[in-house]
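Enquirer: I'd like to ask some things about the structure below.
Protein chains: 2
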Amino acid sequence: MMLDTEKSILIVGLGLIGGSYAKALRKLGFKISAITLNKDDIDFAVENGIIDEGYTEPAPEVIEKAELVIFALYPEVFKKWIAKYQQYFKSGALITDVTGVKSSVVYEIQDMLRPDVEFIAAHPMAGKEVYGVQNSDPKIFHGANYIVTPTEKNTKEAIDDCLELGRLMGFDRVSVLTPEKHDEMIGFVSQLTHCIAVSLMNCYDGEKLQDYTGDSFRDLTRIARINDEMWSELFLLNKDTLLEQMDKFLSAFGKLRSTLEEEDRETMREMMRISTARRALFDKK
Amino acid sequence: MMLDTEKSILIVGLGLIGGSYAKALRKLGFKISAITLNKDDIDFAVENGIIDEGYTEPAPEVIEKAELVIFALYPEVFKKWIAKYQQYFKSGALITDVTGVKSSVVYEIQDMLRPDVEFIAAHPMAGKEVYGVQNSDPKIFHGANYIVTPTEKNTKEAIDDCLELGRLMGFDRVSVLTPEKHDEMIGFVSQLTHCIAVSLMNCYDGEKLQDYTGDSFRDLTRIARINDEMWSELFLLNKDTLLEQMDKFLSAFGKLRSTLEEEDRETMREMMRISTARRALFDKK
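Order-wise, the sequence lines are chains U and P.
Start counting at 1 in the first sequence, then tack on 232, and there's your number in this note's numbering.
Start counting at 1 in the second sequence, then tack on 232, and there's your number in this note's numbering.
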């Protein structure tokens, strides 16, 4: 078992998720270092006991002492970081990440990685509509899913350690999916829903709807507040899968539209019954 | 001012909304009668102090003593009821409703109504995913909108009374819209969002997504549990307006899809920024 608190953990990218990881893990007794661009974030994190020490540069002496390195960066930045600084990893180090898309990241990282370190990918499905280490809070992991997406290059030991990491941090459901299955699932339950919310706010015509909206509109558009830099990157990195999911949705929406246009009440009601029955399964969980 | 507690109120249709009206109004000291199909609902309501008396049939002696009659029926049933039993209304009675669509209901009712009674239409934008007087609860009115939709046939006095009714029952925002503006607004913020949720659940492919869904999917599909009888009727009664809203959404969704297909990151990000800015206005309220 690798995850004893003697091990030194390095978090690269101290934002909302990186900060929440740091808080959760430090509370468990791990020693946490961090590398992040902004000096203010490091000062905040040290002052508030979120990390033990932090650096604004990828200092070799910090990287080389870490036994577990967690990357909480945007995907393209993550890839560049590995290419440039992997030379400093400690031999035998375990590398993991929090990236929201997998196929377009995992294989590329594993292909370029030194043979004496292992990258095991994971996706903590948690977040908030606010950003930064200042808003970090491991409570966002409660009730949330943590998905490990190994490839054939991964060892059983690394997979188990990564699953254990999710459990230790307080995730409710910890599971394993292939990178491809992960991307398909995330394309549907997360990216497609964000596409819908964004589209809905874009066709809103500017009148002061706030005065009249019920809970349904508020719930449906909560996720319309979106970090455009991160999400556009995630969408584009999952392009083909997300296009497929968007087309599936368009097909169902188009069918519902036809039942209305043709006043086909029975098919409309059948779609509503299917929807009701399927959604009921979610509330049972 | 018509709404003093000496006045006798009749509620026709004792379901979730009718029952919640009854509870709110009886607490204020009004005497509440109800007419509803199911004897069990009446027994429940009397035993639990929700109404003073109830009938399963439109008994003339109950109808003719009511000074305010509130209809909480499905729209088509409501129209038929008026046509058949309006002969029993007390002269000078005020009639109101809770129907979720307006243009296709209000004018028709007003056109057929006796000249010595007045129909002032209203829409309480409140609900739950459960049904029946057993689940009624006036707390659903807190934080909710109550919209009065008068026509040129309505008197200022009736409009004011109807607005006062909404305030008395505890609605947060009480306002006036034309039937047409109401239907356009409701087509967008309520019906379109239900169309989206239903479509999303219909393109879900049956795999056990429950294990992986985050809050965004849950929020977005909460309203996918839908009373197919009522909602199909409401959709069809607002057909042209809802088709327009669906097409507006399709246009925005199609535009977002194109930015992905063409990898036009800048336009995609611009749509996300518009979405974020507009949605932020809602959270300020």
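Backbone N, C-alpha and C define an ideal beta-carbon position, used for all residues, glycine too.
Near U/VAL406, which residues of its chain fall below 6 angstroms by C-beta distance, leaving aside the five closest residues on each side in sequence?
Expert: If we look at U/VAL406 and ignore the five residues flanking it on each side, its Cβ neighbours are TYR378, LEU395, GLY398 and ARG399.
Enquirer: State the DSSP-derived secondary structure class of P/MET233, mapped to helix, strand or coil.
Expert: Per-residue confidence for P/MET233 stands at a pLDDT of 47, beneath the threshold of 50, marking its modelled position as unreliable; no derived number is given.
Enquirer: Am I right that P/ARG497 and U/SER464 are in contact with their C-beta atoms under 8 angstroms? What's the rounded C-beta distance?
Expert: Sure, about 5 angstroms apart at Cβ, within 8 angstroms.
Enquirer: Smallest Cα separation from P/ALA291: which of P/SER335, P/GLY245, P/TYR320 and P/HIS414?
Expert: Nearest C-alpha to P/ALA291: P/TYR320.
Enquirer: Would P/PHE276 and P/VAL365 qualify as a contact pair, given that the criterion is a beta-carbon distance under 8 angstroms?
Expert: Yes. Within cutoff.
Enquirer: Output needed for P/THR425: all residues of its chain with C-beta closer than 8 angstroms, excluding positions within five of it in sequence on either side, in chain order.
Expert: Taken in chain order, the residues that qualify are ILE455.
Enquirer: I need the straight-line Cα distance from P/ASP447 to P/GLN342, nearest angstrom please.
Expert: Approximately 45 angstroms between the Cα atoms of the pair.
Enquirer: Let me confirm a value: U/HIS355 is counted as buried when at least 16 other C-beta atoms fall within 10 Å, else exposed. Which label applies?
Expert: Buried.
Enquirer: Strictly below 7 angstroms CB to CB, what residues from chain P border U/ASN434?
Expert: Near U/ASN434 (Cβ distances below 7 angstroms), the residues of chain P are ALA484, MET503, ILE506 and SER507.
Enquirer: So what does DSSP say about P/THR518, is it helix, strand or coil?
Expert: The requested residue 518 of chain P is not part of the displayed model; chain P covers only 233 to 517.
Enquirer: For the beta strand (DSSP E) containing U/SER407, list its first residue and its last residue.
Expert: 405 to 408 is the extent of the beta strand (DSSP E) around U/SER407.
Enquirer: In its own chain, which residues sit with a C-beta less than 8 angstroms from the C-beta of P/ILE274, not counting the 5 before and 5 after it?
Expert: LEU246, ALA266, THR268, ILE283, GLY286, TYR287 and THR288.
Enquirer: Throw me the rounded Cβ distance for the P/ALA256 and P/GLY402 pair, which I believe falls under 8 angstroms.
Expert: With 8 angstroms as the limit, P/ALA256 and P/GLY402 qualify as a contact, their Cβ atoms being about 6 angstroms apart.
Enquirer: With a floor of 4 residues, list each alpha helix (DSSP H) that falls wholly inside the segment 245 to 295 of chain U, ordered by position along the chain.
Expert: Within the segment 245 to 295 of chain U, the complete alpha helix (DSSP H) runs of at least 4 residues are 248 to 259, 271 to 279 and 292 to 295.
Enquirer: Between U/ASP460 and chain P, is the shortest Cβ-Cβ distance under 8 angstroms, so that the two count as touching?
Expert: Yes, because at least one Cβ of chain P sits closer than 8 angstroms to the Cβ of U/ASP460.
Enquirer: What residues of chain U sit near P/HIS374, judged by a beta carbon separation below 8 angstroms?
Expert: Those do not exist, as P/HIS374 stays about 12 angstroms from chain U at its closest Cβ, beyond 8 angstroms.
Enquirer: Going by DSSP, what residues sit across from P/THR328 in a beta bridge?
Expert: In DSSP, P/THR328 forms a bridge with P/ILE302.
Enquirer: Any beta carbon from chain U within less than 8 angstroms of P/ALA256's own beta carbon?
Expert: So, not an interface residue.
Enquirer: Please name the residue, chosen from P/VAL309, P/MET344, P/GLU308 and P/GLU296, that lies closest to P/SER323 on a Cα-to-Cα basis.
Expert: Checking every option, the nearest Cα to that of P/SER323 belongs to P/GLU296.
Enquirer: The alpha helix (DSSP H) spanning P/MET344 covers which residue range?
Expert: Taken as a continuous stretch (DSSP letters only), the alpha helix (DSSP H) holding P/MET344 covers 335 to 344.
Enquirer: Need the endpoints of the beta strand (DSSP E) that P/TYR378 sits in, please.
Expert: Start and end: 377 to 380.
Enquirer: Have a look at U/THR508 and U/TYR306 and give me their C-alpha separation to the nearest angstrom.
Expert: The straight-line gap from Cα to Cα measures roughly 37 angstroms.
Enquirer: Nearest-angstrom Cα distance between P/MET233 and U/PHE373?
Expert: The predicted position of P/MET233 is uncertain, since its pLDDT is 47 and thus under 50; no value can be drawn from it.
Enquirer: Based on Cα-Cα distance, which residue from U/ALA304, U/ASN434, U/TYR253 and U/THR331 lies nearest to U/LYS263?
Expert: With distances taken between Cα atoms, U/LYS263 lies closest to U/TYR253.
Enquirer: Is P/CYS427 near P/MET478, with beta carbons less than 8 angstroms apart?
Expert: Against a cut-off of 8 angstroms, the Cβ pair of P/MET478 and P/CYS427 comes out as a contact.
Enquirer: Check the DSSP bridge columns for U/HIS355 and list the partner residues they point to.
Expert: Per DSSP, U/ILE379.
Enquirer: For U/LYS480, return the contacting residues in chain P, with the cut-off set at a CB-CB distance below 7 angstroms.
Expert: Per Cβ cutoff of 7 angstroms: CYS435.
Enquirer: Closer than 8 angstroms by C-beta to P/GLN318: which residues in its own chain qualify, once you throw out the five before and the five after it? Chain order, please.
Expert: Contacts found: MET344, LEU345, ARG346 and VAL349.
Enquirer: Can you tell me whether P/ILE458 is helix, strand or coil according to DSSP?
Expert: Coil.
Enquirer: For U/ASN280, count neighbouring Cβ atoms within 10 angstroms of its own Cβ and tell me buried if that reaches 16, exposed if not.
Expert: When all chains shown are included, U/ASN280 counts as exposed.
Enquirer: Using only CA atoms, which one of P/LEU468, P/GLU416, P/LEU469 and P/MET433 lies nearest to U/TYR444?
Expert: If we check each option's Cα against that of U/TYR444, P/GLU416 comes out closest.
Enquirer: Buried or exposed for P/LYS480, please, with buried defined as at least 16 other CB atoms from any protein chain shown within 10 angstroms of its CB.
Expert: Buried is the call here.
Enquirer: Going by the CB atoms, is the gap between P/LEU452 and P/LEU432 shorter than 8 angstroms?
Expert: Going by C-beta atoms, P/LEU432 is nearer than 8 angstroms to P/LEU452.
Enquirer: Using CA coordinates, which residue listed in U/SER490, U/GLU384, U/ASP472 and U/THR387 is at the minimum distance from P/ARG526?
Expert: The structure shown does not extend to residue 526 of chain P, since chain P spans only 233 to 517, so no value can be given for it.
Enquirer: Among P/HIS414, P/GLY251 and P/LEU300, which residue has its Cα nearest to the Cα of P/ASP236?
Expert: Among P/HIS414, P/GLY251 and P/LEU300, the Cα nearest to that of P/ASP236 belongs to P/LEU300.
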